[in-house]
Amino acid sequence: MAHQSHRHHHSASEPGEPHMAALLDLDAEVLHAHLSEAAAWLADLTGDVPVRRILDLGCGTGAGTFTLLRRFEEAEALAVDASPQLLHHLRDRARDLGVADRVRTVEADLDAAWPAIDGMDVVWASASLHHLADPDRALREVFTALRPGGLLAVAELDGLPRFLPDDLGIGRPGLEARCRATLTHRQAGTLPHLGADWGPHLSRAGFAIEAERPVTIALEPPLPRSAGRYAQTVLSSMRAGLDGLLSTDDLSVLDLLIDDDGPESVLRRGDLTVRTERTVWLARRPAVAG
């Protein structure tokens with residue numbers, strides 16, 4: 001939610017900023033209930049200690065930022081991302097929501113020099129750590145940025161969401177599985193930390209792991225119209241990275257699915273689902289070193 005630190009989704013095509021903003025906004029809209037559940041879980045662990053300062057790393061368009069500001073009504077947020085365009089989008093959204101006075105943005109490449117940050121009560125890192133060249137260094141920086149007793153929430157995906165039935169009624173069955181397998185193979189060298197178990201990384205950085213929770217999301221028909229736009233945006237991003245890697249027949253079917261007006265478009269299919277797996281880790285900087 002980085003080109004290095006703000007690419008929350010794993011398109012091999014490196015989508016442009018307007019496309020990425022739309023993708024992140026749709027992800028937040030379709031999966032908002034699950035994002036709110038993660039924030040509530042985090043709030044349970046803060047106990048009676050007030051949360052005043054929140055840091056959102058790789059904030060994208062601010063899904064995590066705004067969810068946390070709703071949960072912690074007295075808090076202010078520092079939203080950090082490498083993309084000035086996404087930060088501009090976030091600031092516009094903050095004004096629309098009436099929370100502009102509670103949000104400050106910082107443009108920073110988290111693989112380079114970090115901004116000076118300390119005294120944070122909560123740090124949120126959703127689908128951002130796996131994009132970093134040295135996530136262990138980043139976690140040490142987060143440890144320093146948190147106050148003693150502060151909490152870090154790490155949420156990571158297993159990959160892109162899934163939307164399609166195995167048999168689409170057109171083309172060869174298993175299209176989406178072939179797309180995912182092809183992109184996963186291509187990403188193995190460029191995103192070596194995708195799908196990592198972050199527990200050992202957190203422990204090495206000095207955190208005490210409070211909880212780990214796998215989250216399976218399965219939304220079934222009837223779905224809101226935004227789910228069709230979400231599927232179209234994700235599949236379009238995938239399609240841009242698959243030229244020459246799938247058969248021409250597969251690519252032709254994919255083109256039909258992402259078309260705006262065709263009868264096979266995901267905007268019109270009644271068999272669309274949204275399925276994804278995520279894992280959330282909650283870790284604390286110990287109140288007393290040792």
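Residues in the sequence shown are numbered consecutively from 1, following full-length UniProt numbering. Glycine included, C-beta positions come from ideal geometry on N, C-alpha and C. All values derive from a computational prediction rather than experimental measurement.
- Rounded to whole angstroms, Leu23 and Pro148 show a C-alpha spacing of 35 Å.
- Bridge pairing for Val99: absent [DSSP].
- When the Cα atoms are used, Gly62 and Ala79 turn out to be separated by approximately 8 Å.
- Look at the stretch 76 to 130 and you find these whole runs of alpha helix (DSSP H), each 4 residues long or longer: 84 to 97.
- Each residue's CA atom was taken as its position, placing Gly159 and Arg180 some 8 Å apart.
- Going by beta carbons, Val122 and Leu151 fall inside the 9 Å limit.
- Checking the DSSP bridge columns, you'll see Thr216 partnered with Glu277.
- In this structure, Gly270 lies near Pro221, with their beta-carbon atoms less than 9 Å apart.
- DSSP places Gly149 inside the beta strand (DSSP E), whose first and last residues are 146 to 157.
- Fewer than three pairs of CB atoms, one per stretch, sit closer than 8 Å, so the stretch 40 to 50 makes no contact with the stretch 240 to 251.
- The alpha-carbon separation between Gly171 and Asp255 amounts to approximately 12 Å.
- Glu277 places its beta carbon 9 Å or farther from that of Leu175.
- Comparing alpha carbon positions, the residue from Met20, Pro135, His88 closest to Gly199 is Pro135.
- A distance below 6 Å between beta-carbons, with the five flanking residues on each side excluded, links Val99 to the following residues of its chain, in chain order: Leu69.
- If you ignore the 5 residues before and after Ala218, its C-beta comes within less than 8 Å of the C-beta of Thr273, Val274, Arg275, all in its own chain and listed in chain order.
- Per DSSP, Asp250 is not a residue of any beta strand (DSSP E); the alpha helix (DSSP H) it occupies stretches across 248 to 258.
- Between Gly241 and Leu183 the beta-carbon gap is near 6 Å, inside 8 Å, which marks them as a contact.
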